[in-house]
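To keep things clear, I will list the structure first and then write my remarks on it.
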Amino acid sequence: MASLKIWLIRLRPIIAALLGLSLGIGITALAGESPAHVVAVLVKSALGSPYDLGMTLFYTTPLVFTGLSVAMAFQCGLFNIGAEGQLAMGALWAAVLGIVMPGLPGFVAPVFAVLACILGGAAWGAIPGWLRAKRGSHEVINTIMMNFVSAGVCSYVTLYVFRNTEGQNPETLPIAAAYQLSQFSSFGGAPVSWALILAVLVWAGCIVFLRKTRLGFQLMSVGENESAAEASGISSPKMRILAMAIAGGLAGLVGVGEVLGNAHKFKMGFSADFGFIGIAVALLARGRPEGVLPSAFLFGALHKGTADLDFETTHVTRELALILQALVILSVSADGLWDWMNRIGVKKRTGKAAS
Amino acid sequence: MHLKKFGFLGRVASFLVLALWTSLASAGGLNGVGLKVGMVLDKGGKDDKSFNASAYSGANRAKDELKIQYKYVEATDDNAFEPLLRSFAQKDFDLIIGVGFAQAEAMAKVSKAFPNKLFAIVDSDVKGANVRSLMFEEHEGSFLMGAVAALKSKSGKIGFIGGMAIPLIKRFEMGFEAGVKHVNPKATVTSNFVGVTADSWNNPPKAKELALGQFNNGVDVIFQAAGASGSGVFDAAEEKKKFAIGVDSNQNWMKPGVILTSMMKRVDISVYETIKEVAAARNAEGKLPADFNKTFAGLKRFGLKNSGVDYALDSHNQKEMSADVKKKIDDLKGQITSGKIKVPDFYTAKAGKK
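And the structure:
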């Protein structure tokens, strides 16, 4: 009995998410569309063929990184709205490396490029982290402002330094062949590369780091209670800067899938707001890295699935994705609300209930 | 709990079965006679009052007049073009039209993968045995705008405001400047660009700021090629009692008396004509002639000659485009179409310069 209850509690976010989804799809009936048809279109478009599944996984990859980015910052009590700018910097660094050092041998080139992604993002994330830790200016303001600075830097470098004059698109020159990750052939040509495997590994790494290492514990302590952490000898400014650098580095890894695995160049505006959808991914995962992987997959599937709505249905457009995202997040947070009401209403709390 | 879960799964399953039936039923209806055209719009979407809107209206006209079947989608991001084009190609769409140069790469890939389908792309040159590229001679139209600006300017200072410094907009700028200099070699052209991000096409306040700056420096006519940002230029011109020139669609109506004329880029005509050609070539069974690809594929240019680009004249700008101005412009137009005047083209000039 007790174990069933624990399972129920653990499954509650999933049940809540399903509830939100059903509610959102139910809304389509109001628009005069058969909800069943909408579900069929969504599922078919997201998972219907190897190519469709590949595109879903392709969109899932950046969302795992940005979701982790936001979640890791959450764990240290920080709200990172700057993943959009950080991912662009990571991608830009990788592209620049791939352009200026074409001679790197094939086996180290991708490794260096991945490091460039991490460093580019981490440097960009560490700045607001430092400002928060040392100057007390709030990271929400700083990270969002850094997004604009990032866009400016990226467009300068793209348009005036490494401009690809061949095409119309504002994009850089292509990176050298040694840097390019091969794409898996089993997805019918969808650009699924090693970035997906990397995303899963990084996801596992984040969990291990946070839950099993001393540094991870210190980071979480600052997030849970700053003064208690300080009292036990943890430097909260250091942890804050570290957390933001980690968050930035994670976001920067989006560049791996895009620059190394797909476009082979930096395209301005390549991100479909992945940095911001990452916030939703992390919220659905309730701010914990553990839930980011399934949550990112759901959002990736929604992003791909709703694209086909425009021509498969007459009344419902791809904007349904936004409604679904909103309702899923709402119902998952309402689940937390239920928790909270339980706690204040019934003064009976188990260790698990608070989680 | 278990019961509830089964209930949900059961519902999902019944949904799926139902959906299968409904989709089968609708597919049966769609397989009827008539050409099926799919269109993938750029991220701006069909309400951008610019080239997406124009392509959309061209396809709608084809739907009304030619009784074709037509569906459109708007892309969510640059990586969405390929799956969307593929989706159309996998279904029984005969002609798939991509709007905007951003989907050139995706179009090249997908058209190769589906050699039995017809593709068309607006604003880009994609090579392929089954692809038609619809390109516009923006520099020719811009040349005429430059001539109008130089004729109407009293100060000899003329302005250009572009959305972003991309080759396409540079092409507008270069043609415009050539037109100005052709009429008044002493006139100067000041250029500004709204920004460096995609937001540049939708930032009227910034465009207004730039326009006010130019007007304050003595500029009295501004040509804008800045998408939805252009309305900011019109506002500034109205405020300063100066002139502006519209772009892409006929924008004369937006501020009569302020807008001298508009350089129209008839994406709608190019889309409509393409659809019409395919529709006309089909026989009673809906089959195309075996060698149709040969006549269909390739680059189709739309310039002053075939009214693919033109200047707008209507009741809103009759006063500004007086008879003698109109005569001079039509004269220049004739000289361009006859080849007497060669308008410099950024696309070809670029190769020589850089």
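For the protein sequence lines, the chains are Z and Y, in the order given. Mapping the first sequence onto the working numbering, position 263 (from 1) lands on 794, and the numbers just tick up by one. Mapping the second sequence onto the working numbering, position 26 (from 1) lands on 1524, and the numbers just tick up by one. C-beta atoms are modelled at their ideal positions from N, C-alpha and C, and glycine is treated no differently.
Item                                                                                                                               : Value
Under 8 Å by beta carbon: chain Z residues contacting M1662/Y                                                                      : P701
Contact under 8 Å by Cβ, A1560/Y with K1774/Y                                                                                      : yes
Three-state secondary structure assigned by DSSP to N1815/Y                                                                        : coil
Rounded C-alpha distance that separates V723/Z from G629/Z                                                                         : 20 Å
Contacts around A1523/Y, its chain only, beta-carbon distance under 8 Å, and the 5 residues preceding and following it disregarded : The predicted position of A1523/Y is uncertain, since its pLDDT is 41 and thus under 50; a value taken from the coordinates is nonetheless stated next. No residues qualify anywhere along the chain.
Proximal residues to R663/Z (C-beta, below 6 Å), its chain only, five neighbours per side dropped                                  : E670 and R771
Amino acids of chain Y, ordered along the chain, whose beta-carbon sits closer than 7 Å to that of M586/Z                          : P1581
Range of the contiguous alpha helix (DSSP H) that encloses I1664/Y                                                                 : Unbroken run through I1664/Y: none, as it is neither H nor E.
Proximity test, Cβ basis, 8 Å: R543/Z and chain Y                                                                                  : no
Residues within the region 804 to 829 of chain Z neighbouring chain Y, beta-carbon criterion of under 7 Å                          : none
With 16 other Cβ atoms within 10 Å as the buried cut-off, status of G621/Z                                                         : buried
Residue interval of the beta strand (DSSP E) (run including K1534/Y)                                                               : K1534 to L1539
Beta bridge counterpart(s) of E1572/Y as assigned by DSSP                                                                          : L1539/Y
Outcome for E1563/Y when other beta-carbon atoms lying within 10 angstroms are tallied against a minimum of 16                     : exposed
Reference G1660/Y, options G1725/Y, S1760/Y, D1545/Y and A1557/Y, closest by Cα                                                    : G1725/Y
Beta-carbon neighbours of G1536/Y, restricted to chain Z and to distances below 9 Å                                                : F842
First through last residue of the alpha helix (DSSP H) which encompasses G1755/Y                                                   : Counting along the chain, G1755/Y falls outside any alpha helix (DSSP H), and DSSP gives it neither H nor E.
Sufficient close CB pairs (3 or more, under 8 Å) joining the region 811 to 824 of chain Z to the region 709 to 720 of chain Z      : no
Short CB-CB distance (under 8 Å) between V1694/Y and chain Z                                                                       : yes
Separation of S580/Z from V1538/Y, as counted between CA atoms                                                                     : 21 Å
Exposure label - K710/Z; buried when at least 16 CB within 10 Å                                                                    : In the sequence as presented, Lys is not what sits at residue 710/Z; that position holds Tyr. Buried, by the Cβ-count rule.
DSSP beta-bridge partners of I1595/Y                                                                                               : M1537/Y and A1618/Y
Contact set for E757/Z: own chain, Cβ-Cβ below 8 Å, skip 5 residues either direction                                               : G608 and S767
Spatial distance of E564/Z from T844/Z (CA atoms)                                                                                  : 7 Å
Partners in chain Y for S686/Z, counting only beta-carbon separations shorter than 9 Å                                             : M1662, G1693, V1694 and T1695
Under 9 Å from the C-beta of N793/Z: neighbouring residues of chain Y                                                              : N1577
Proximal residues to L578/Z (C-beta, below 6 Å), its chain only, five neighbours per side dropped                                  : L584
Within-8 Å CB hit, R849/Z to chain Y                                                                                               : yes
Per-residue DSSP class, three states only, for E702/Z                                                                              : strand
Sequence-distant residues of the same chain with beta carbon closer than 7 Å to G1801/Y, five excluded per side                    : E1635, E1638 and V1807
8 Å Cβ shell around N1748/Y - same chain, five flanking residues per side excluded                                                 : S1760, M1762, A1810 and D1812
Contacts of Y1570/Y in chain Z (Cβ-Cβ under 9 Å)                                                                                   : D841 and F842
Contact set between the region 1615 to 1627 of chain Y and chain Z, restricted to residues whose Cβ is under 7 Å from the partner  : S1622
M896/Z - containing beta strand (DSSP E), residue span                                                                             : Residue 896/Z lies beyond the range of chain Z shown here (532 to 886); nothing can be said about it.
Contacts that L1666/Y makes with chain Z (C-beta to C-beta distance below 9 Å)                                                     : Q699
Reference K1740/Y; option with closest CA among V1694/Y, F1721/Y and D1746/Y                                                       : F1721/Y
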